[in-house]
Structures are given as structure tokens and as C-alpha cells.
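Numbering (full-length UniProt numbering), first residue to last: 1 to 242.
Beta carbons: idealized from backbone N, C-alpha and C, even for Gly.
If you want it as C-alpha cells, here you go:
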């Protein structure tokens, strides 16, 4: 009972700290190119979403404060996270990823359409290396560096985090830089689907990867299950050494 109370208190404390950080992220206007781009998309909109009130701000992370697994993407989609205000929500990449997370036992449902759709993650926390939608999905090196401290702080706030699964090369490099900034020895790691370095790598679930067959649903589910298992095994090892 005492252990359960401690865990509940820790989860509540972590959730409050992450919420405060998310509020700080949402108010960020450091990168003028990204601010102009995200707000212009929010004003012009896509015709099929003309009735939406676009978020058009930095997109905060979302997930379980007790997560052992961090799923790290590149950046919000122009008419996905930049529209809905939740990472990996409302676009083709989100549809693919959340279905895979559901199949891997990390999500309570297989859809991610809007912020109030009831989606919950168990054991997973999802964020992006860059918090604003970049033109052409290509953030500059300076923009990536500007966002990096947010990732470092999030990783530091997740007390049970054991594994990072990076979706794509930019996310993979961001994870390595964040860990290096925290004093973790940087592995000599090369990105590749299914690579296991802590962080591990996986192709990004973008349409250009999923529609061409470069990334299949079963491959992504397998990568998520592998990351989930590694996190659980490391947790058991830590408990055993305690």
C-alpha cells in the first residue's frame, strides 16, 4: 500500500512537471521561420479542414508520465498536429503509428483524430524532436538545436524511462544529442530500422515510407513490441538489484 501511494505521488508530481513544461513549449516563439510557417498554415488551412480552428502553435508531447518508452518523431504535420494540437494526431502518419501502438499494447484505441478522442497511452510517451511544423518537413540545424533543450528536460522528467524509439534519422540524432547533453556516453550508432542502441531506430511512418512498402505495419508493431520488452526487462533488472 505504501509503495502504491509513493508511485501515485511520483506519477502526479511528474505529470504536473510535464504539464508546466508543455505550457512553456506551447508559448515558444524562438524560431521566426517556424512561427511564420505554422501560423500561415493555420490561417490558410486545407479546404477539407476549413471549419477547424487550427492549433498553429508548438505541439506539446502526450502520454503516460510513468512511461518506460519514449516514441520520438520528427515534427508535427502541417494538417495533423499543427491543426489538432496533439502530436501524431489527425494525419496519415498518426493513423499508421497509433494503429501499431494499439497492436503493441501501448494505446487504448487504434485511432488518433483529435485532442478529445479518448486516446490514452500506457507505458509510452510520444513527442517530436522539433515542436513546430517546418516547411517541407525539413527543420534547419539551428531549429533542431533550439528545440533540443525541451527534449532533454522531458527525458529528465520521466522517472521510469528506459528506452527511446526514434522514428526517422532526425529524431534518432536528436535522441543521441539529448542523451549526450545529459552526460550519457554517446554510442557509435548508425540509424536503421530495428536498430537497438538505446535509442533504437525505426523508419518514420510517413506516407512516403508506408505507401511504398518501405515500412510495413508488422515491422512497426515489431519495433514497438521490441522497445516495450526492452523497457520491461530493464525495469525488472533494476528492481532485482535494489
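CB of residue i within 8 Å of CB of residue j, strictly
i           : j           : result
residue 158 : residue 121 : no
residue 130 : residue 141 : no
residue 215 : residue 101 : no
residue 182 : residue 164 : no
residue 228 : residue 123 : yes
residue 79  : residue 50  : no
residue 68  : residue 162 : yes
Inter-residue Cα distance where the pair is residue i and residue j
i           : j           : result
residue 204 : residue 167 : 4 Å
residue 257 : residue 42  : This structure does not reach residue 257, given that the chain is present from 1 up to 242, and the question cannot be answered.
residue 88  : residue 61  : 9 Å
residue 179 : residue 152 : 7 Å
residue 169 : residue 234 : 25 Å
residue 65  : residue 29  : 26 Å
residue 144 : residue 59  : 15 Å
residue 86  : residue 114 : 7 Å
residue 137 : residue 105 : 29 Å
residue 172 : residue 9   : 32 Å
residue 7   : residue 63  : 17 Å
residue 128 : residue 206 : 14 Å
residue 99  : residue 146 : 31 Å
residue 11  : residue 160 : 10 Å
residue 16  : residue 222 : 32 Å
residue 208 : residue 92  : 10 Å
residue 232 : residue 184 : 21 Å
residue 197 : residue 211 : Low confidence applies here, because residue 197 scores a pLDDT of 45, under 50, leaving its location unreliable and the question unanswered by this model.
residue 54  : residue 81  : 9 Å
residue 94  : residue 111 : 8 Å
Residue i versus the options, residue with shortest Cα-Cα distance
i           : options          : result
residue 217 : 62, 103, 12      : 103
residue 38  : 165, 97, 83      : 83
residue 107 : 55, 97, 206, 115 : 97
residue 149 : 25, 93, 118, 162 : 25
residue 36  : 135, 206, 228    : 135
residue 230 : 70, 90, 55, 207  : 70
residue 57  : 174, 132, 146    : 132
residue 219 : 208, 202, 44     : 202
residue 52  : 90, 210, 226     : 90
CB contact check: residue i to chain C, cutoff 8 Å
i           : result
residue 184 : Chain labels in this structure do not include chain C; a single protein chain is all it has.
_To test your reading of the DSSP string, which unbroken alpha helix (DSSP H) runs of 4 or more residues are found completely within the region 111 to 193?_
Assignment of alpha helix (DSSP H) within the region 111 to 193, counting only whole runs of 4 or more residues, yields 141 to 157, 169 to 181 in chain order.
*With a cut-off of 8 Å, do at least 3 Cβ pairs link the region 6 to 22 to the region 68 to 79?*
no
*What beta strand (DSSP E) runs, 3 residues minimum, are completely inside the region 69 to 98?*
69 to 73
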